[in-house]
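Q:
Residue numbers (the working numbering): 400 to 579.
#1: Beta carbon of residue 521, beta carbon of residue 463: below 9 Å?
#2: Have a look at 429, 450, 566 and flag the residue whose alpha-carbon is nearest the alpha-carbon of residue 550.
#3: With distances taken from CA atoms, which of 568, 531, 545 is nearest residue 416?
#4: Mind pulling the beta strand (DSSP E) runs of 3 or more residues that sit fully within the stretch 473-547?
#5: Can you tell which of 487, 496, 564, 476 has its C-alpha closest to the C-alpha of residue 470?
#6: Quick check on this structure: which residue in 554, 421, 524, 445 has the alpha carbon closest to the alpha carbon of residue 468?
#7: Okay, do the stretch 407-415 and the stretch 439-448 touch, 3+ Cβ pairs below 8 Å being the bar?
#8: Give me the residue from 492, 477, 457, 426 with the minimum Cα distance to residue 440.
#9: Return helix, strand or coil for residue 551, following the three-state DSSP convention.
#10: Quick check on residue 490: buried or exposed, where buried means 16 or more other Cβ atoms within 10 Å of its Cβ?
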């Protein structure tokens with residue numbers, strides 16, 4: 400759930416899910432704003448997905464943004480769409496669920512302060528970040544920390560939750576009753 404790292408003054412505790420969410424959010428925003436190229440993986444067998452009418456309406460609003468981040472999506476007929484390719488961060492076999500989750504997120508979060516690009520980036524990062532408690536190797540943790548501290552805003556996720564908490568040595572000393 401958490402990545403711990405010792406620093407001179409104590410310990411830094413990083414929520415792995417929220418950290419990865421921040422990393423993905425900033426990367427997707429760079430792609431959507433044209434500052435970075437997206438890479439998608441072509442599906443061996445394109446998948447069809449039947450959407451509810453209200454989901455289809457939202458899908459049409461953001462399909463151009465979804466295609467920009469690595470999806471290759473097209474309307475087949477009625478409210479049925481075809482998924483031809485997915486972003487590298489989406490696990491094969493989860494593409495339909497990720498897309499439905501993103502559409503739901505987009506529908507359920509009508510914040511006016513977020514522009515459509517930010518909403519798509521927030522939905523993608525929220526649904527594709529490593530899960531809390533998912534085992535990570537040392538190399539994955541180091542890579543995540545490097546990417547996190549390269550972010551413009553590494554301290555909070557797109558929803559405002561803290562990514563990093565610091566515990567000072569004095570806090571530990573109090574817990575172990577070394578000082579009062």
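Glycine residues also receive a C-beta, built at the ideal position from the N, C-alpha and C atoms.
A: In short:
#1: no
#2: 429
#3: 531
#4: 479-486
#5: 487
#6: 524
#7: no
#8: 492
#9: coil
#10: exposed
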